[in-house]
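These notes concern the structure reproduced below.
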Amino acid sequence: MENILPAYNDPLFSILLIIVIALIISVVTYAWGLYRQQKEEGNLLKFLEKFDSAECSLDTDDMPFETHMFKPLTLLAKAFENSGEYHKAINIYLYIIKNISDEPAKMELMERLGNTYLHAGFLERARSIYTEILRKRPRNIKVLYELGVVYEMMHHYEKAREIIEPLNTLNEDTHTLSKFLELSALISDKMLRADEKAEALKTILEEEPKLYRQIVDTLLKLDTTAAWQVIDPQRIKEVIDILWFLPNSQLDLDIITSNETLSTLYYAKGYLQKQPVAKSGFFALDMLATARESGFEEGDLLFSYLCTKCKQSFPVSFRRCPNCMAINSVEVEEQIAKANPQTDYSLF
-18 MENILPAYND PLFSILLIIV IALIISVVTY AWGLYRQQKE EGNLLKFLEK FDSAECSLDT
42 DDMPFETHMF KPLTLLAKAF ENSGEYHKAI NIYLYIIKNI SDEPAKMELM ERLGNTYLHA
102 GFLERARSIY TEILRKRPRN IKVLYELGVV YEMMHHYEKA REIIEPLNTL NEDTHTLSKF
162 LELSALISDK MLRADEKAEA LKTILEEEPK LYRQIVDTLL KLDTTAAWQV IDPQRIKEVI
222 DILWFLPNSQ LDLDIITSNE TLSTLYYAKG YLQKQPVAKS GFFALDMLAT ARESGFEEGD
282 LLFSYLCTKC KQSFPVSFRR CPNCMAINSV EVEEQIAKAN PQTDYSLF
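Residue numbers are given in the numbering used here: position 189 of the sequence shown equals residue 170, and the series is strictly consecutive.
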């Protein structure tokens, strides 16, 4: 035995000792990593159990999972999501996540699950999902933005603004988002007086002109005079629907009569009696004005709202696109329609 093992003062003994220690460390590290992985999977399954719902019509409890089912099921879940059947999409996403072992695929599906909860209006569940993803992938820029959207929709503006710092660390341009959140918090603040809000709104507009539409809309509700002071004749297209639906009492005739586009708009609306000489530059407005001059007073404007980012069109205006959650992406589209008489119906 003494001939097999080197003596303790032999250089080979030191080398053998180093090799044995390295092997022990490798085995312990591997075992610990395996244990951590199994623990993470167990924690994830336990986490996902909170979102199981008996309300879904798809029964996946006894459905065996096979690898080749992954792509068809994800496509089916996306189709359900796009058609608004969120409960079915959620059920499928949960089923896939529980049955796959690929970590990147799990994180991608977790993000889709969070998005589905967000669009379905389950904000607290979406927040939990995004927080869980960021616990494992803290540098996920897209999820950071989406978590900020959730906090914003929950009116937790301070928490939403906390997202700005990590995004700045990741070299994201957050100036517009920061001002958007500042504006949202200001609008919802019930403690400020109307004149204080108006001044703060004008300051934000100077710092971020992209928020022009929202600020004009808010100012018209707070201080009509201040609102007309910031209305830009070169940017009437952005607020044409807001101006169209203004009551007669909120008009500033001095400003309106000095601008051809505004004069045409309110002549077509029926608020002004004298038709402007010049054209407004808006086909629909000019057509309505011409028709009104000829005695046809049943014309109206119908508005739709296009998201310039995802190209989806909506019948109502939005601050964030309901589809892609983009800010400052609304584009107002107007078309001529026949006026409908307003009729009040009593429920009694």
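C-beta: ideal position from N, C-alpha, C; glycine also.
Determine the direct distance from the alpha carbon of W225 to that of E139, and round the result to whole angstroms. Computed Cα separation, rounded: 35 Å.
D204 - partner residues in DSSP beta bridges: According to DSSP, which records beta bridges pairwise, D204 is partnered with nothing at all.
Tell me whether G276 is buried or exposed, calling it buried when 16 or more other Cβ atoms sit within 10 Å of its Cβ. By the neighbour-count rule (16 or more Cβ atoms within 10 Å), G276 is not buried but exposed.
Just verifying my parser: in three-state terms, what is the DSSP assignment at K319? In this structure, K319 counts as strand in the three-state DSSP scheme.
Of the listed residues N229, F264, I212, Q231, nearest to N240 (C-alpha basis): Checked all of N229, F264, I212, Q231; the closest Cα to N240 is I212.
Can you give me the Cβ contacts of N304 inside the same chain, cut-off strictly under 7 Å, excluding the 5 residues immediately before and after it? Within the same chain, N304 has close Cβ partners C288, C291, Q293.
Counting along the chain, where does the beta strand (DSSP E) carrying Y286 start and finish? Taken as a continuous stretch (DSSP letters only), the beta strand (DSSP E) holding Y286 covers 280 to 288.
Ends of the alpha helix (DSSP H) at K69? Following the DSSP letters along the chain, one finds K69 inside the alpha helix (DSSP H) bounded by residues 67 to 80.
Let me know if K171 comes out buried or exposed under the rule of 16 or more other beta-carbons within 10 Å of its beta-carbon. Exposed is the call here.
With 16 as the cutoff for other CB atoms within 10 Å, does L75 come out buried or exposed? L75 is buried by the Cβ-count criterion.
Does P257 pass the burial test, meaning 16 or more other C-beta atoms within 10 Å, or should it be called exposed? Buried, because 16 or more other Cβ atoms sit within 10 Å of the Cβ of P257.
Can you tell me whether K178 is buried or exposed, with buried defined as 16 or more other CB within 10 angstroms of its CB? Buried, since its Cβ has 16 or more Cβ neighbours within 10 Å.
By DSSP, does S275 sit in helix, in strand, or in coil? Coil, per DSSP.
Can you grab the Cα-Cα spacing for the pair Q231 / T206, in whole Å? The alpha-carbon atoms of Q231 and T206 are separated by roughly 9 Å.
Roughly how many angstroms lie between the CA atoms of A3 and R142, to the nearest whole one? Approximately 48 Å between the Cα atoms of the pair.
Go ahead and label Y98 buried or exposed: buried means 16 or more other beta carbons lie within 10 angstroms of its beta carbon, across all protein chains shown. So Y98 counts as buried.
Could you check what DSSP says for I130 in three-state terms: helix, strand or coil? Here residue 130 turns out to be Val, not Ile, going by the sequence shown. In the structure shown, V130 sits in a helix (DSSP, three-state: H, G or I).
Coil, strand or helix - R301 by DSSP: Residue state for R301 is assigned as strand, using DSSP reduced to three classes.
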